[in-house]
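I have placed the structure first, in the form of structure tokens, so that the comments after it can refer back to it.
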Amino acid sequence: MPITVRAYAPADIPAMTAIWNQVVEEGNAFPQLETLRPDEAEKFFASQSFCGVAEGQDGIAGMYILHPNNVGRCGHLSNASYAVDKHCRGGGVGELLVRHSIQAAAGLGFRVLQFNAVVAANLPAIRLYEKLGFQRLGTIPGGFLRKDGGYEDILLFYLPLV
7 MPITVRAYAP
17 ADIPAMTAIW
27 NQVVEEGNAF
37 PQLETLRPDE
47 AEKFFASQSF
57 CGVAEGQDGI
67 AGMYILHPNN
77 VGRCGHLSNA
87 SYAVDKHCRG
97 GGVGELLVRH
107 SIQAAAGLGF
117 RVLQFNAVVA
127 ANLPAIRLYE
137 KLGFQRLGTI
147 PGGFLRKDGG
157 YEDILLFYLP
167 LV
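In this text, residue positions in the sequence shown follow our numbering: the first is 7, and each later residue adds one.
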């Protein structure tokens, strides 16, 4: 069965939470320090402009959240975060999620998809974003606090949607 990406349903929340928390616990991509508790997850995912899940034969393989990057006069800029189950990485799930989010963002009227904090060591993500046409805006030296207490550079990317 191929992997398909769709809008999340309430029944997906436990799997989404587990995958989200894997990435938070790994401490090398998301800025969050704390995992989502089950009682927080439903509200967190519902507060996004859109959440998508990648579903395959064995269940949810990955997910993403999409929301405004800012407010007011900058509310037309969107931002997304992607999480792929550690057992499903390297098989194209991330690319399916990013491609879906581009279409979802455009469909919601966003004009740009911007990433504020791509960790410089996250080479698979960087290669994917560049493959899909994202432009690198610059580097923030030491912008990411690693689990070991050291600091890593973060990169900013954007993709025009119109």
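C-beta: ideal position from N, C-alpha, C; glycine also. Please read all numbers here as calculations on a predicted model, not as lab measurements.
CB of residue i to nearest heavy atom of the ligand NAP: below 8 Å?
i	result
G97	Questions concerning the ligand NAP fall outside what the structure shown contains, since it holds no ligand whatsoever.
Does residue i come out as helix, strand or coil in the three-state DSSP assignment?
i	result
V168	coil
R142	strand
A89	strand
Y14	coil
A123	strand
I160	strand
L114	coil
G155	coil
G97	coil
P20	helix
P130	helix
Using the rule of at least 16 other Cβ atoms within 10 Å of the residue's Cβ for burial, across every protein chain shown, is residue i buried or exposed?
i	result
H93	exposed
A13	exposed
V77	exposed
E61	buried
Y157	exposed
Please determine, among the options, the residue with the shortest C-alpha to C-alpha distance to residue i.
i	options	result
K137	E158, A123 and G100	G100
L162	V125, L83 and D18	V125
D18	N27, V118, R152 and E48	E48
Q38	D45, P44 and Q28	Q28
Y88	W26, A15 and I9	W26
D159	P20, Q120, A127 and I132	A127
G58	Y135, G144 and A111	A111
A52	L72, G155, G97 and L167	L72
N34	V168, G149 and L167	G149
G215	M22, L42 and V168	Residue 215 falls outside the range modelled here, since the chain spans only 7 to 168, and no answer is possible.
P20	F50, Q63, T145 and I132	F50
L143	D154, V30, N122 and Y157	N122
G96	P130, F56 and M69	P130
I'd like to know whether the C-beta atoms of residue i and residue j end up nearer to each other than 9 Å.
i	j	result
L165	Q141	yes
L83	Q120	yes
A67	I9	yes
A15	D91	no
Does any C-beta atom of chain D lie closer than 9 Å to the C-beta of residue i?
i	result
A110	Among the protein chains of the structure shown there is no chain D, as only one such chain exists.
message: List, from N- to C-terminal side, the beta strand (DSSP E) runs of 3 residues or more that fit wholly inside the segment 29-77.
response: Entirely contained in the segment 29-77, the beta strand (DSSP E) runs reaching 3 residues are, in chain order, 56-62 and 65-74.
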